[in-house]
Amino acid sequence: MSGVFPPGLPRLESAGLDGWMVRLFDAIDEANMPWLTALVRDCEKAFGDQLVDLVPSYTTLLVTFDPLRLSPGEARKRLIERLQWLQPDEEPADAPVKELPVWYDPAVGPELSRLAELAGMSLEEVVAGHSERTYRVFALGFAPGFAFMGSVDARLEAPRLATPRRRVPAGSVAVTGQQTAAYPAVTPGGWNLIGRTPAVLFDRDREGFSLFQVGDRVRFVPIDRAEFERRGGDTRPMEEER
Numbered sequence: 001m002s003g004v005f006p007p008g009l010p011r012l013e014s015a016g017l018d019g020w021m022v023r024l025f026d027a028i029d030e031a032n033m034p035w036l037t038a039l040v041r042d043c044e045k046a047f048g049d050q051l052v053d054l055v056p057s058y059t060t061l062l063v064t065f066d067p068l069r070l071s072p073g074e075a076r077k078r079l080i081e082r083l084q085w086l087q088p089d090e091e092p093a094d095a096p097v098k099e100l101p102v103w104y105d106p107a108v109g110p111e112l113s114r115l116a117e118l119a120g121m122s123l124e125e126v127v128a129g130h131s132e133r134t135y136r137v138f139a140l141g142f143a144p145g146f147a148f149m150g151s152v153d154a155r156l157e158a159p160r161l162a163t164p165r166r167r168v169p170a171g172s173v174a175v176t177g178q179q180t181a182a183y184p185a186v187t188p189g190g191w192n193l194i195g196r197t198p199a200v201l202f203d204r205d206r207e208g209f210s211l212f213q214v215g216d217r218v219r220f221v222p223i224d225r226a227e228f229e230r231r232g233g234d235t236r237p238m239e240e241e242r
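Letter 72 of the sequence shown, counting from 1, is numbered 72 in the UniProt record's numbering, and no numbers are missing.
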């Protein structure tokens, strides 16, 4: 693995008596994903039923284990062994891409015009810039089913809102920095809203609950208002609560 990881990495960081944070990289990059998904699979084998949870993110993997059945020292030893032989997953060229329909419009994406102004682009160019690339799901968090995806077109990178909204409608599609996401439920949020999806992103009756999982490839597909409504989308105007 020499030369694959940044200097000083991989590194194990204590996460209490029942966990270790494995830090593989120091920057967001889609090339990180094959290493992280491979480590997830290896940890499932190494820890078996002593494993409590695995939480992958952009550059790290949090490994939580049963402290009544496994000591931190033994867990660390197993992780070091896995890291010594770690090889990245090979993704097939025809790996599936999940498509998420989105109605891009200022009525449901009030920052669409802001992004266009910041980038010196038309609204149509912003929509094309966001929807014409394939994203990877780097992490799940913040709210159940909230998938952090990247990386957006550099022209569309924009800072968070100075004052977050108290209520962001479910299905809102947003960007901030290199990231993009869709809000699975009504929550507070400070990202730039550019559209809305009619898809149900988190469902307790669905296997796995979340529509997306870490490592998924996702593409946003533009639809018009009529199609959005036909699919059950909520067209009520934004409540400007700041």
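Even for Gly, the Cβ is constructed at its ideal location relative to N, Cα and C.
Hey, how far is the Cα of residue i from the Cα of residue j?
{"i": "serine 2", "j": "serine 14", "result": "At serine 2, the pLDDT of 49 sits below 50, so the modelled position is not reliable; the number obtained from the coordinates is stated separately. If you take the alpha carbons of serine 2 and serine 14, they lie about 24 Å apart."}
{"i": "leucine 9", "j": "leucine 51", "result": "23 Å"}
{"i": "leucine 61", "j": "glycine 19", "result": "10 Å"}
{"i": "valine 108", "j": "aspartate 89", "result": "38 Å"}
{"i": "alanine 46", "j": "leucine 140", "result": "23 Å"}
{"i": "alanine 128", "j": "leucine 24", "result": "33 Å"}
{"i": "glutamate 241", "j": "alanine 162", "result": "Residue placement at glutamate 241 cannot be trusted, given a pLDDT of 44 that sits under 50; what the coordinates show is reported in the next sentence. About 13 Å."}
{"i": "alanine 38", "j": "glutamate 111", "result": "37 Å"}
{"i": "methionine 121", "j": "proline 164", "result": "25 Å"}
{"i": "phenylalanine 202", "j": "arginine 236", "result": "21 Å"}
{"i": "alanine 181", "j": "alanine 75", "result": "34 Å"}
{"i": "arginine 41", "j": "glutamine 84", "result": "15 Å"}
{"i": "proline 6", "j": "threonine 59", "result": "11 Å"}
{"i": "serine 57", "j": "proline 72", "result": "21 Å"}
{"i": "aspartate 94", "j": "serine 131", "result": "19 Å"}
Could you tell me whether the Cβ atoms of residue i and residue j are closer together than 7 Å?
{"i": "leucine 100", "j": "phenylalanine 220", "result": "yes"}
{"i": "tyrosine 183", "j": "valine 168", "result": "yes"}
{"i": "residue 253", "j": "arginine 160", "result": "There is no way to answer for residue 253, as the model of the chain reaches only from 1 to 242."}
{"i": "glutamine 178", "j": "serine 210", "result": "no"}
{"i": "isoleucine 194", "j": "valine 173", "result": "yes"}
{"i": "lysine 98", "j": "valine 218", "result": "yes"}
{"i": "phenylalanine 137", "j": "aspartate 216", "result": "The amino acid at residue 137 is misidentified as phenylalanine; the sequence shows valine. Closer than 7 Å, so yes."}
{"i": "alanine 147", "j": "alanine 185", "result": "no"}
{"i": "alanine 154", "j": "leucine 118", "result": "no"}
Among the candidates the options, whose CA atom is the shortest distance from the CA of residue i?
{"i": "residue 312", "options": "Tyr135, Gly233, Ala116 and Arg160", "result": "For the chain, the structure presents residues 1 to 242; residue 312 sits outside this window and is missing."}
{"i": "glutamate 207", "options": "Gly145, Ala162 and Val186", "result": "Gly145"}
{"i": "proline 96", "options": "Arg225, Pro237 and Phe212", "result": "Phe212"}
{"i": "arginine 82", "options": "Asp26, Leu36 and Tyr104", "result": "Leu36"}
{"i": "leucine 12", "options": "Thr64, Leu79, Ala181 and Glu111", "result": "Leu79"}
{"i": "proline 67", "options": "Pro237, Leu54, Leu17 and Pro56", "result": "Leu17"}
{"i": "cysteine 43", "options": "Asp26, Ser57 and Thr64", "result": "Thr64"}
{"i": "arginine 133", "options": "Pro222, Met238, Met33 and Pro56", "result": "Pro222"}
{"i": "tryptophan 197", "options": "Pro72, Glu227 and Asp94", "result": "Per the sequence shown, residue 197 should be read as threonine rather than tryptophan. When only C-alpha atoms are compared, the closest one is Glu227."}
Would you give the residue range spanned by the alpha helix (DSSP H) that residue i belongs to?
{"i": "phenylalanine 220", "result": "No alpha helix (DSSP H) contains phenylalanine 220, which is instead part of the beta strand (DSSP E) from 217–222."}
{"i": "alanine 226", "result": "225–230"}
Following the continuous beta strand (DSSP E) through residue i, name the residue where it begins and the one where it ends.
{"i": "alanine 181", "result": "179–182"}
{"i": "glutamine 176", "result": "Per the sequence shown, the amino acid found at residue 176 is threonine instead of glutamine. Segment 172–176, the beta strand (DSSP E) holding threonine 176."}
{"i": "leucine 12", "result": "11–14"}
Just checking residue i against the ligand NAP - is the residue's beta carbon closer than 6 Å to any of the ligand's heavy atoms?
{"i": "phenylalanine 65", "result": "The ligand NAP is not part of the structure shown, which contains no ligands of any sort."}
What residue ranges within the stretch 82–165 form continuous alpha helix (DSSP H) runs of no fewer than 4 residues, ordered along the chain? 112–119 and 123–131
Length at least 4, wholly inside the stretch 30–79: the alpha helix (DSSP H) runs in chain order: 33–47
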